[in-house]
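Undergrad: First residue of the sequence shown: 8, per the numbering used here; consecutive thereafter.
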Amino acid sequence: MQNTVSTNSKVKAITMNAIVMALYLGLTILVAPVSSGPIQFRISESLNHLVVFNRKLMWGVLGGVVVYNFFFGFGAMDALYGGLQSFISLGLTALLQKRVPNVIARLALNTLFFTATMCIIAFMLAPAGGAAFWGNYATLALSEFATMAVAAPVMYWINKSVHFEKRL
Numbered sequence: 008m009q010n011t012v013s014t015n016s017k018v019k020a021i022t023m024n025a026i027v028m029a030l031y032l033g034l035t036i037l038v039a040p041v042s043s044g045p046i047q048f049r050i051s052e053s054l055n056h057l058v059v060f061n062r063k064l065m066w067g068v069l070g071g072v073v074v075y076n077f078f079f080g081f082g083a084m085d086a087l088y089g090g091l092q093s094f095i096s097l098g099l100t101a102l103l104q105k106r107v108p109n110v111i112a113r114l115a116l117n118t119l120f121f122t123a124t125m126c127i128i129a130f131m132l133a134p135a136g137g138a139a140f141w142g143n144y145a146t147l148a149l150s151e152f153a154t155m156a157v158a159a160p161v162m163y164w165i166n167k168s169v170h171f172e173k174r175l
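1. With a threshold of 6 angstroms on Cβ separation, who are the neighbours of F60 within its own chain once the five nearest residues in sequence on each side are excluded?
2. On a Cα-Cα basis, can you pick out the residue from L114, I127, F48 that is closest to L1?
3. Which residue comes first and which comes last in the alpha helix (DSSP H) that contains F152?
4. With L132 as the anchor, note down where its alpha helix (DSSP H) starts and where it stops.
5. Can you name, in chain order, every residue of its own chain whose Cβ lies under 7 angstroms from the Cβ of L132, other than the five neighbours on each side?
6. Rounded to the nearest angstrom, what separates G98 and M65 at their Cα positions?
7. Could you please give the first and the last residue of the uninterrupted alpha helix (DSSP H) stretch that includes S96?
8. So G44 is in the alpha helix (DSSP H); what residue range does that whole segment cover?
9. With respect to the alpha helix (DSSP H) encompassing F60, which residues constitute its N-terminal and C-terminal limits?
10. Leaving out five residues on either side along the sequence, give the residues of the same chain with a beta carbon under 6 angstroms from the beta carbon of T35.
11. Since L69 is in the alpha helix (DSSP H), which residue starts that stretch and which ends it?
12. Cβ of T124 within 7 angstroms of Cβ of I95?
13. Reducing DSSP to helix, strand and coil, say where V107 ends up.
14. Between which residues of its own chain and G90 is the CB-CB distance below 8 angstroms, once the five residues before and five after are set aside?
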């Protein structure tokens with residue numbers, strides 16, 4: 008009986024992460040003209056906040072980033088850099104789940120983590136550094152901050168009904 012319960016929870020986790028990944032891909036493709044490059048407005052970035060409520064959903068978001076960047080972005084380099092940026096930001100947020108009990112504080116920190124780590128994407132776009140790097144970083148960080156800041160209260164409100172933390 009114990010093995011069945013364990014197997015069911017693993018299947019549920021894989022299924023939930025697959026759904027999150029599909030949502031990420033669908034939302035990013037929906038706004039494809041503005042979802043890549045030095046200015047990015049990906050509605051799907053709002054899903055980064057899922058990790059604030061349930062860190063087990065990190066893998067679905069990360070998978071969505073990597074798959075989109077590989078097939079629809081700038082290829083393998085974009086998948087690597089975008090995956091690294093998302094992994095670092097999501098990982099930091101996941102680590103804070105028990106250390107920072109206030110959900111609003113975690114939403115704010117998650118927004119700041121993603122904004123700050125956009126330097127990784129700016130480096131990919133302008134590896135020589137200089138003005139191109141700083142210009143890319145400014146536009147990337149600003150667009151990421153705007154997307155995440157608008158999404159934070161929306162995700163907080165959705166969580167009041169859906170209870171992401173209880174889904175896995």
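The C-beta atom is built at its ideal place from N, Cα and C for all residues, glycine as well.
TA: Once the coordinates are examined:
1. Walking along the sequence shown from the start, residue 60 turns up at place 53. Hits under 6 angstroms: N166, F171, E172.
2. Within the shown structure, residues of the chain are numbered from 8 to 175, placing residue 1 beyond reach of any answer.
3. Mapped onto the sequence shown, residue 152 falls at position 145. Following the DSSP letters along the chain, one finds F152 inside the alpha helix (DSSP H) bounded by residues 137 to 169.
4. Sequence index remark: in the sequence shown, residue 132 carries index 125 (1-based). It spans 125 to 132 - the alpha helix (DSSP H) in which L132 sits, taken as one unbroken run.
5. Taking the sequence shown and counting its residues from 1, the one referred to as residue 132 is at position 125. Same-chain partners within the cutoff: P45, N143.
6. Translated into positions along the sequence shown, residue 98 becomes position 91. Translated into positions along the sequence shown, residue 65 becomes position 58. One alpha carbon belongs to G98, the other to M65, and they sit about 8 angstroms apart.
7. Residue numbering aside, residue 96 sits at position 89 when the sequence shown is read from its first letter. Its alpha helix (DSSP H) spans residues 83 to 102.
8. Counting from one through the sequence shown, the residue named residue 44 turns up at place 37. That residue, G44, is in no alpha helix (DSSP H); it is neither H nor E in DSSP.
9. The sequence position of residue 60 within the sequence shown is 53, counting from 1. 57 to 60 is the span of the alpha helix (DSSP H), which, as asked, contains F60.
10. By 1-based counting over the sequence shown, the position of residue 35 is 28. Only S42, R49, S51, Y75 meet the Cβ criterion.
11. As a first step, residue 69 must be located in the sequence shown, where it is residue number 62. Counted as a single uninterrupted DSSP element, the alpha helix (DSSP H) harbouring L69 occupies residues 65 to 78.
12. Within the sequence shown, numbered from 1, the residue matching residue 124 stands at position 117. Within the sequence shown, numbered from 1, the residue matching residue 95 stands at position 88. A contact, by the Cβ cut-off of 7 angstroms.
13. Translated into positions along the sequence shown, residue 107 becomes position 100. Of the three classes helix, strand and coil, the one that applies to V107 here is coil, per DSSP.
14. Sequence index remark: in the sequence shown, residue 90 carries index 83 (1-based). The beta carbon of G90 sits closer than 8 angstroms to the beta carbons of L69, V72, V73, N76 from its chain, once the five residues preceding and following it are set aside; these are given in chain order.
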